[in-house]
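>
Numbering (my numbering), first residue to last: 149 to 504.
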């Protein structure tokens, strides 16, 4: 509401410097401009202070309104344009940064030292068991969808994949002096996220293909005597590229289908999540990037073939009748390989098409 005794400026008058008061307090502020709005949103504490129970209203051509209350921990910005009202709330960047830093220090102080954790069995044994159960669960689910057997395999495979990549990330974390954001760029982090999505989404055998391929390669390499951290066993190098590419294609197809489904159903949070996830995978995995390029090439080739089959052509249509003769020109979508010549409609009318 506008403070009593102060009317909004007219469309012809510029915005005043001192525009509003409540009671006997006069508060001077700078005019609200797009640059000022950006400054207030992305810099530290703004250039004016407001004590409690005071209200400031800014007017610019009776369309832009900004109001604040309290000790300016935040301010609400309302942009009015005809029938459209956009509202947003921003916080001081400095206050938010200090809050995040204090929260991080509190978490670091009260967090559990992961180096001190002990397991009843070795991590290598857990790693082998999780990969084995991933393969076993995938096989069981394939048997279920093929021969109508037990369907516990999907849950077993997805939960085993979660265990597998949780163990791998745990082994990486205990080797780091402190937690960094670089862990988000790790491919194992992406696979762990995919494993959670697989366990919580609708069942689809294609979701398990990449996990089963990775488990097969790791187990085969382990029992063949290869070094997991350095290189594959020489006997597996020949199959490395096609297997990893097949896994990347299955991931790409699933992510793309989920993204398209979210777009069609207008689920905004899924669209944002899968867009970010696909971007991270493209940046971290050359096989995922190759699969993306391959699928894009196939789509473009298919579209070009469809376009070459159907193109606009100018067609002359001549109508002949007993008492009527008329020639008119129409434009239709005509396949290049199917040229219409003569088409007998009935005894009275005959259409003759000439493509040129």
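Backbone N, C-alpha and C define an ideal beta-carbon position, used for all residues, glycine too. Model, not experiment: these values are computed from the prediction.
What three-state label does DSSP hand residue 325 in the structure shown?
Residue mapping note: residue 325 aligns to position 177 of the chain shown, counting from 1. Here residue 325 sits in coil by DSSP.
> Could you check what DSSP says for residue 419 in three-state terms: helix, strand or coil?
Within the chain shown, the letter at position 271 stands for residue 419. In the structure shown, residue 419 sits in a helix (DSSP, three-state: H, G or I).
> For residue 369, which three-state DSSP category applies?
Against the chain shown, residue 369 aligns to sequence position 221. Looking at residue 369 - three-state DSSP - the assignment turns out to be helix.
> According to DSSP, is residue 300 helix, strand or coil?
For the purposes of this step, residue 300 is identified with residue 152 of the chain shown, where counting begins at 1. Three-state result, residue 300: coil.
> What is the residue span of the alpha helix (DSSP H) that residue 343 lies within?
Along the chain shown, one-based indexing puts residue 343 at 195. Start and end: 335-348.
> Apply the 10 Å Cβ neighbour rule to residue 387 and answer buried if 16 or more other Cβ atoms are within range, or exposed otherwise.
Taking the chain shown and counting its residues from 1, one reaches residue 387 at position 239. Exposed is the call here.
> Beta carbon of residue 397, beta carbon of residue 439: below 8 Å?
The residue you call residue 397 lines up with position 249 of the chain shown. The residue you call residue 439 lines up with position 291 of the chain shown. Cβ distance < 8 Å, so residue 397 and residue 439 count as in contact.
> Sorted by chain position, which residues of the same chain lie with C-beta nearer than 8 Å to residue 315's C-beta, five sequence neighbours on each side aside?
Residue numbering aside, residue 315 sits at position 167 when the chain shown is read from its first letter. Hits under 8 Å: 271, 274, 275, 278.
> Taking the beta carbon of residue 403 as the centre, do at least 16 other beta carbons fall within 10 Å, making it buried, or is it exposed?
By one-based count along the chain shown, residue 403 stands at place 255. Its Cβ being crowded by 16 or more others within 10 Å, residue 403 is buried.
> Quick one: using the 10 Å Cβ neighbour count with 16 as the cut-off for buried, is residue 338 buried or exposed?
Taking the first residue of the chain shown as 1, we reach residue 338 at position 190. Per the 10 Å Cβ criterion, buried.
> With contact counted as at least three CB pairs below 8 Å, one residue from each stretch, are the region 334-349 and the region 304-320 in contact?
In short, these stretches touch, since the Cβ pair count reaches three.
> What do you reckon, is the C-beta of residue 355 under 7 Å from a heavy atom of the ligand SAM?
This structure does not include the ligand SAM; it has no bound ligands of any sort.
> Do residue 372 and residue 391 come within 8 Å of each other at the CB atom, strictly closer than that value?
For the purposes of this step, residue 391 is taken as residue 243 along the chain shown, with counting starting at 1. For the purposes of this step, residue 372 is taken as residue 224 along the chain shown, with counting starting at 1. Their beta carbons are not under 8 Å apart, which means residue 391 does not touch residue 372 by this criterion.
> For residue 431 versus residue 419, is the C-beta spacing smaller than 8 Å?
Residue numbering aside, residue 431 sits at position 283 when the chain shown is read from its first letter. Residue numbering aside, residue 419 sits at position 271 when the chain shown is read from its first letter. The answer is no: Cβ separation not under 8 Å.
> Use the C-beta contact count for residue 358: other C-beta atoms within 10 angstroms, 16 or more gives buried, fewer gives exposed.
Here residue 358 is taken as the residue at index 210 of the chain shown, counted from 1. Residue 358 should be labelled buried.
> Taking C-beta to C-beta, are residue 289 and residue 301 nearer than 8 Å?
The residue given as residue 289 occupies position 141 in the chain shown. The residue given as residue 301 occupies position 153 in the chain shown. Yes; because the gap between Cβ atoms is below 8 Å, this pair is in contact.
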